[in-house]
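S.K.: Quick one: the structure is below, and I'll ask about it shortly.
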Amino acid sequence: MICQDRTERVRDALRDHARYQQVEKETVESVKARTDIVALVEETVGEFKREGSAFLAACPRKEHGRLALKVWPDSQRWKCYACDTGGDCFDFIQWSRGVEFHTALDDLRGSTLPPPLPRNPSRPKRDHKARPPRGELQELWGRAVPVASDAAACAWCEKRSIDPANLDREGVARVAPRGARVPRWARFGGEPWTKSGHRLLFPLYDAAGEMVSLRARRVEGESERKAINPAGFSPSGSVLAMPAAVEMLRTGKRPKRIEADPLRIVIVEGDSDLASWANRIGNRWEHRRPYGELIIGVFSGAWSPEIAARVPDAAQCAVRTDPDRTGDSYAERIIESLIPRVDARRSRPETK
Ligand SMILES: [Zn+2]
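Just so you know, the sequence shown maps onto residues 148 to 499 in our numbering.
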């Protein structure tokens, strides 16, 4: 009996330890993603010289008589050529201040430095080569028309008790007009979206709040898929977002139009849930009540540590993924990328 008790205690302890390590790993990743190596080094060395897309500075450890320290904003790495050492943000603090890893982690956790921002928005984002070409994407989005002006899109909205005017007002969707020409990637089963019926378009944003892709929802026709991504591209590292959430991604800060304190963020799954929330918030506007929360829409597997890093400290996140096994484990992943910095918890979608 005693022996069995102990076995159980050991098993519990092991499970706690594994969980602790997992949380720790997520914390390290999210701290890293929201630390700008350029701002961090600048804080220590004082002055920089620009060299192409990199920065040069004097070594903070030794007088080498030249600008030996180089920092790359794209890869978020640094190197001192004279000392022949380099690495990431943690390595920099350990090396320049002579401290242990955990002190560096604690320092960066409490840091008030701004998160990394795209210094030159036109430069390609790391790891996300798989995006439709920017120009074609913007052209298609630019030619798309208001939801309220398209009968099939209005019928889709009506089935879900969504006022199409709310989607237009919030700017979360547009419609590719029938018969319009679309880029090569805007196809399903060999047919352009405008023919397969996937004409209701929802923009996807990356961690810097830049529009990087579209989710296309079928509003007419019989093709087997209801909602699709551009052919050959995955939504990885991108989210659907209402305007205030896009502002948060761009700045890494609380959006100006949101007054609620603490900042409330609702993370929903998929484009139809996002549309329902946009409708709800649009209706609230009509009654002159301000935004109370920020809405983000996610697709399975698309959430990333870079996106988590844009969520300001002490925000309150409610994760409302689908109430099934996949939804559960996805919610857990999102929550683990945010805690303990952000108060994040699962919130069951309301039963209607
Ligand atoms: Zn050096």
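Where is the CB? At the ideal position from N, CA and C, for every residue including glycine.
(1) When you compare the segment 279-291 with the segment 398-410, are there three or more beta-carbon pairs, one atom per stretch, that lie closer than 8 Å?
(2) Got a sec? Which residues, its chain only, sit under 7 Å from Asn313 by beta carbon, not counting five neighbours each side?
(3) Trp225 bridges to which residues according to DSSP?
(4) Indicate, with yes or no, if ligand 1 has a heavy atom lying under 6 Å from the CB of Lys217.
(5) Kindly indicate which three-state DSSP category Glu189 falls into: helix, strand or coil?
(6) Spatial neighbours of Arg495 within its chain, please: C-beta separation below 8 Å, excluding the five flanking residues on both sides.
(7) If you reduce the DSSP assignment to three classes, tell me which class Ile375 lands in.
(8) For ligand 1, any of its heavy atoms closer than 6 Å to the Cβ of Cys464?
(9) Output the boundary residues of the alpha helix (DSSP H) element that contains Met395.
(10) Within the continuous beta strand (DSSP E) that includes Phe202, where are the two ends?
(11) Going by Cα to Cα distance, which pick from Ala323, Val415, Asp163, Arg372 is closest to Arg492?
(12) How far does the beta strand (DSSP E) with Phe380 in it reach, from first residue to last?
(13) I'd like to confirm something about Ala229: is its beta-carbon nearer than 6 Å to some heavy atom of ligand 1, or not?
(14) Nearer than 6 Å: is that true of the beta carbon of Cys236 relative to any heavy atom of ligand 2?
(15) How about the segment 400-411 and the segment 289-303: do they share at least three Cβ pairs that are nearer than 8 Å?
(16) Take Tyr352 and list the residues in its own chain whose beta-carbon comes closer than 7 Å to its own, dropping the five residues that flank it on each side.
(17) DSSP state of Glu247, grouped into three classes?
(18) According to the Cβ coordinates, are Asp420 and Ala374 closer than 7 Å?
M.R.: Looking at the atomic coordinates:
(1) no
(2) The residue labelled residue 313 in the question sits at position 166 within the sequence shown. Cβ within range, chain order: Ala425, Asn426, Gly429, Asn430.
(3) If you number the sequence shown from 1, residue 225 lands on position 78. Trp225 pairs with Val218, Gly234.
(4) On the sequence shown, position 70 is the one that residue 217 refers to. For ligand 1, not one heavy atom lies less than 6 Å from the Cβ of Lys217.
(5) In the sequence shown, residue 189 corresponds to position 42, counting from 1. Glu189 falls in the helix class under three-state DSSP.
(6) Taking the sequence shown and counting its residues from 1, the one referred to as residue 495 is at position 348. Around Arg495: Arg467, Pro470.
(7) Position 228 of the sequence shown, counted from the first residue, corresponds to residue 375. Ile375: strand per DSSP, three-state reduction.
(8) Within the sequence shown, the letter at position 317 stands for residue 464. For ligand 1, not one heavy atom lies less than 6 Å from the Cβ of Cys464.
(9) What you label residue 395 is simply residue 248 of the sequence shown in a count that begins at 1. From DSSP, the alpha helix (DSSP H) with Met395 extends over 390-398.
(10) Sequence index remark: in the sequence shown, residue 202 carries index 55 (1-based). Per DSSP, Phe202 belongs to the beta strand (DSSP E) from 201-204.
(11) Stepping through the sequence shown from its first residue, residue 492 is reached at position 345. Of the listed residues, the one whose Cα sits closest to Arg492 is Val415.
(12) Locating residue 380 in the sequence shown gives position 233, where the first residue counts as 1. No beta strand (DSSP E) contains Phe380, which DSSP labels as neither H nor E.
(13) As a first step, residue 229 is located in the sequence shown; it is residue number 82 there, counting from the start. Yes, the Cβ of Ala229 comes within 6 Å of a heavy atom of ligand 1.
(14) Ligand 2 is absent from the structure shown, which contains only ligand 1.
(15) Cβ pair count under 8 Å is below three, so no.
(16) The residue given as residue 352 occupies position 205 in the sequence shown. Within the same chain, Tyr352 has close Cβ partners Met358, Val359, Ser385, Val386, Ala388, Val393, Leu396.
(17) Sequence index remark: in the sequence shown, residue 247 carries index 100 (1-based). Residue state, collapsed to three classes: coil.
(18) Reading the sequence shown from its first residue, position 273 is the one you call residue 420. Reading the sequence shown from its first residue, position 227 is the one you call residue 374. The answer is no: Cβ separation not under 7 Å.
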